[in-house]
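Residue numbers for the sequence shown, in this note's numbering: 11 to 396.
From the three backbone atoms N, C-alpha and C, an ideal C-beta is built for every residue, glycine too.
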Amino acid sequence: MATEPEVPTEESSPASLRERLIRMNLPDLVHGGGHAPDFRETRADYIRRRIRPLALLLAIGLPLWLPLEFFLLDTPDALLTMILRLTGAGAGLVLWWSCRQDTGYRGTLWRLALLLAIPMTLYAMARFIINSDLESALASGYAFFPALTVAALAIFPLTLREGAFGSVVILAAYMAIEAAMGNLGRWDTLGNLWLLVLVAGVAVWAALSQLHMLLRLYRQATRDPLTGLFNRGALARRVRSQLEVGGGADAGLCVLLFDLDWFKRINDTHGHRAGDRVLEHFAALLQDELCDGGTPGRWGGEEFLAVLPYGDLERARALAERIRARLGAEPVDLFPADSLTVTASVGVACRQGDESLDALVQRADDALYAAKTAGRDCVRSAPVPT
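Quick look at the structure:
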């Protein structure tokens, strides 16, 4: 299918730039505030599954170094390192065990913070305990811990804010440790700090790349490729999840089921390219009208479903009327010298009691059929079931 010719003035407009940045997922890469709840949980699960093997590796690997430290260190220092290493190993074991099941988004981030704190704590221990020349070889092994801790960020799909915050905390901890040792102004310390900054930059970039890949896969699985709205399966899962979390039988909910009138005729008369423009136009209109609340999705073909987070039938019907009127009043620009007026029929239904989503949508579909029977380009409400 041929692409629409580009118009330079549109491409350079702020609105067009904003749309391009959104398509690049830039806002979602910077922070997770705009992530869909199901994607947030998916990302948390992805992070949790990567924490688990690393935590087990720490739990097994940390005690293995104890014999060498008992051989090289004085007995009091060796006992102290043993306590700290076994504590770190125990924390790793607890992390491994606690990540067996879903820990939620915030719980997962706290577990990630604990995972990164373990090697930095051991590094601080080494800097304060290991000082003699005989122990320098032992100390050199700990010198890599800050870099390894920063590099570990690359394993997880983190946002820019999360990755930058983690890097800054690790760098600040390193500087605080070296300052306490009186080494902050030394050239080798500054060189190590510069190396940590470079590693942090690469690690954050790798984390963002993973997040971008996850976002693309998520959007491919949940979004309609033409309109960018939720597809039918993703919208249904999202609504069912909201019903479970938001109060079950007491959760107010209304749905608007739209059907573009005479859409097949548009395709037959003007071509499928024009039909695609009509779908894109209505999807953009729907998103604009629901920007203050509500979730739109493409339900199938020329049908769209809007889910409203309240149970007021009159309010829902007024919104449906406004969308219907606006669609009819705004012609769709097909090509530079052509336009088309499109109308829609709408069925409105509000949830009653513990009514399932399928039953609710079926009532909206019945109301939509009534709107089409009444001559199209109108809104009909589903009667309350008895």
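- request: Compute the distance between the beta-carbons of Ala161 and Leu205, then report whether it is under 8 Å.
  value: Residue numbering aside, residue 161 sits at position 151 when the sequence shown is read from its first letter. Residue numbering aside, residue 205 sits at position 195 when the sequence shown is read from its first letter. No. Outside cutoff.
field: Where the alpha helix (DSSP H) through Asp343 begins and ends
entry: For the purposes of this step, residue 343 is identified with residue 333 of the sequence shown, where counting begins at 1. Counting along the chain, Asp343 falls outside any alpha helix (DSSP H), though it belongs to the beta strand (DSSP E) covering Val342 to Phe345.
- prompt: Do the segment 305-314 and the segment 327-347 meet, that is, are 3 or more Cβ pairs less than 8 Å apart?
  reply: no
Proximity below 8 Å, CB of Ala354 to CB of Ala377: Here residue 354 is taken as the residue at index 344 of the sequence shown, counted from 1. Here residue 377 is taken as the residue at index 367 of the sequence shown, counted from 1. Against a cut-off of 8 Å, the Cβ pair of Ala377 and Ala354 comes out as no contact.
- request: Please report the residue range of the alpha helix (DSSP H) in which Leu64 lies.
  value: On the sequence shown, residue 64 is found 54 positions in, with the first residue counted as 1. From DSSP, the alpha helix (DSSP H) with Leu64 extends over Pro47 to Gly71.
query: Do you know how far the Cα of Pro306 is from the Cα of Leu300?
result: What you label residue 300 is simply residue 290 of the sequence shown in a count that begins at 1. What you label residue 306 is simply residue 296 of the sequence shown in a count that begins at 1. Approximately 8 Å between the Cα atoms of the pair.
- prompt: Whose C-beta lies closer than 7 Å to the C-beta of Asp143 among residues of the same chain, with five residues either side of it excluded?
  reply: Locating residue 143 in the sequence shown gives position 133, where the first residue counts as 1. Low local confidence applies: a pLDDT of 43 at Asp143 is under 50, so the model's placement there is unreliable, with the coordinate-based value given in what follows. Nothing meets the Cβ criterion.
message: Given this structure, state the Cα-to-Cα distance separating Ala392 from Gln230, to the nearest angstrom.
response: Residue mapping note: residue 392 aligns to position 382 of the sequence shown, counting from 1. Residue mapping note: residue 230 aligns to position 220 of the sequence shown, counting from 1. So the alpha carbons of these two residues sit roughly 33 Å apart.
- request: Please classify Gln220: is it buried, with 16 or more other beta-carbons within 10 angstroms of its beta-carbon, or exposed?
  value: The sequence position of residue 220 within the sequence shown is 210, counting from 1. With 16 or more Cβ atoms within 10 Å of its Cβ, Gln220 is classed as buried.
Candidates Arg275, Phe268 and Ala210, of which the one nearest Lys382 by Cα: As a position in the sequence shown, residue 382 is number 372, starting the count at 1. Comparing Cα-Cα distances from Lys382 to each of Arg275, Phe268 and Ala210, the minimum goes to Phe268.
message: Rounding to the nearest angstrom, what Cα-Cα distance links Gly304 and Ala99 in this structure?
response: Counted from its first residue, the sequence shown places residue 304 at position 294. Counted from its first residue, the sequence shown places residue 99 at position 89. Those two C-alpha atoms are separated by around 48 Å.
message: For Leu132 and Ala186, what's the separation of their Cα atoms in angstroms?
response: Residue 132 sits at position 122 when you count from the first residue of the sequence shown. Residue 186 sits at position 176 when you count from the first residue of the sequence shown. Each residue's Cα considered, the two are about 14 Å apart.
- prompt: Is the CB-CB distance between Leu126 and Ile93 below 8 Å?
  reply: Mapped onto the sequence shown, residue 126 falls at position 116. Mapped onto the sequence shown, residue 93 falls at position 83. No, these two residues do not count as a Cβ contact at 8 Å.
task: Would you identify the three-state DSSP class for Leu267, choosing helix, strand or coil?
output: Looking up residue 267 in the sequence shown gives position 257. The answer is strand: DSSP assigns Leu267 an E or B state.
message: With a threshold of 6 Å on Cβ separation, who are the neighbours of Pro319 within its own chain once the five nearest residues in sequence on each side are excluded?
response: The residue labelled residue 319 in the question sits at position 309 within the sequence shown. Answer for Pro319: Gly303, listed in chain order.
task: Please determine, among Leu76, Leu67, Val352 and Arg121, the residue with the shortest C-alpha to C-alpha distance to His280.
output: On the sequence shown, position 270 is the one that residue 280 refers to. When each option's Cα is compared against that of His280, the closest is Val352.
- prompt: When burial is assigned at 16 or more other CB atoms within 10 Å of the CB, is Ser366 buried or exposed?
  reply: Locating residue 366 in the sequence shown gives position 356, counting from the first residue. So Ser366 ends up on the exposed side.
message: Contact defined as beta carbons within less than 8 Å: I believe Asp375 pairs with Gly363. What is the distance between those atoms, to the nearest angstrom?
response: Counting from 1 along the sequence shown, the entry for residue 375 is found at position 365. Counting from 1 along the sequence shown, the entry for residue 363 is found at position 353. At roughly 19 Å, the Cβ-Cβ gap does not stay under 8 Å, so Asp375 and Gly363 are not in contact.
- request: Figure out for me which residue from Pro86, Ile57 and Leu200 has the closest Cα to the Cα of Tyr184.
  value: Taking the sequence shown and counting its residues from 1, the one referred to as residue 184 is at position 174. Measuring from the Cα of Tyr184, the nearest candidate turns out to be Leu200.
query: Residues bridged to Pro306 by DSSP?
result: Working through the sequence shown from its first residue, we reach residue 306 at position 296. Ala316.
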